[in-house]
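For the sequence shown, position 62 (counting from the first letter as 1) is numbered 61 according to numbering that gives the first Met the number 0, and the numbering increases by one without interruption.
Glycine is no exception: its CB is placed at the ideal position from the N, C-alpha and C atoms.
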Amino acid sequence: MLIKRAGQFFDLLDFGRREGVLDGLSPRFVRHPDHHTIKKVDENDEEIGKAIPEAVIRQLDRHIHLLGKNFPYGELPPEAVNAMLRTVYVVLRDTGRRPAEVAGLDLDCLEFDNGEYQLVWHNMKGRRRRRRLPVHQQTVDAIKASSRPT
């Protein structure tokens, strides 16, 4: 809400400057393009439709070891919480599935078929169960590591 109001304020300043009605106002009251705009990211075809920009994903990846730190989750030890949340993040990042779809994955959600692993997931929104999505080995490794008993 605050961001929307700030945007409206800056729109009002821009309008007033453009129309000359704010000529008596200090020139410091103006939108500064380096500080008051969100930079447009030049997207290529592969990035179109992604919910999270690559720059944010890189930052999350750099701090993946902090996932679950000081985050109690029932009786699970901290290492197990970290492993669980790290796996959830990797699956969300690598597959683009919705959080509810990742939360609803079965323990045996991987199938090996025709030389590749596929993630078996349920599209609850579309009421289609047992959908298949090819996944990279890194994602497979994360899922397998989290399903091993500790």
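Straight through space, the alpha carbons of Cys-108 and His-121 are spaced by roughly 10 Å.
Beta-bridge annotation (DSSP): Val-119 is paired with Arg-131. Rounded to the nearest angstrom, the gap between the Cα atoms of Asp-112 and Ala-54 is 34 Å. DSSP, read as helix, strand or coil, puts Leu-109 in strand. Nearest to Leu-66 by alpha-carbon distance, out of Arg-85, Gly-23, Ile-56 and Pro-52, is Arg-85. In the three-state reduction of the DSSP assignment, Tyr-88 falls in the helix class, which pools H, G and I. The shortest CA-to-CA distance from Pro-98 to any of Asp-10, Lys-124 and Asp-22 is the one to Lys-124.
Residue burial annotation: Asn-81 is buried, with at least 16 other C-beta atoms found within 10 angstroms of its C-beta. Per the coordinates, the alpha-carbon of Phe-9 lies some 36 Å from the alpha-carbon of Tyr-88. Annotation for Val-101: the continuous alpha helix (DSSP H) segment containing it runs 98 to 102.
Between Val-101 and Val-119, the C-beta spacing is not below 7 Å.
Per DSSP, the continuous alpha helix (DSSP H) segment holding Ser-145 begins and ends at 136 to 146. Sequence-distant partners of Arg-92 (beyond 5 residues in either direction) whose C-beta falls short of 7 Å from its own C-beta, in its chain, are Ile-56.
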